[in-house]
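Visitor:
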Amino acid sequence: MAISNDTTGGAKPEVADIARRAEAIALMLDALAMLDSMGEHLAASHLSLAIISLGGEPPFPE
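Residue numbers for the sequence shown follow our numbering, beginning at 410 and rising by one.
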């Protein structure tokens, strides 16, 4: 039995895309919350992850 990183449970591509976008939005909301409590560096890291998960390039240098 192969191990898979698929967290969509084999859903249709449209459903998987919506799930991926929802996860990215959740990361963005977490980043906004972090600006108040934990500082810019963690917020920037979460925003970068969200943008990468949507298929973009990270906006901040590592």
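Every residue, glycine too, gets a C-beta built ideally from N, C-alpha and C.
Would A433 and A459 qualify as a contact pair, given that the criterion is a beta-carbon distance under 8 Å?
Guide: yes
Visitor: State the DSSP-derived secondary structure class of L441, mapped to helix, strand or coil.
Guide: helix
Visitor: Could you tell me the alpha carbon to alpha carbon distance between L444 and G464, rounded to whole angstroms?
Guide: 24 Å
Visitor: Please return the same chain residues whose Cβ sits closer than 8 Å to the Cβ of M437, not counting the five positions on each side in sequence.
Guide: H455, L456, A459
Visitor: Measuring only the C-alpha atoms, how far is A504 from A440?
Guide: Any property of residue 504 remains undetermined from this structure, which presents the chain solely from 410 to 471.
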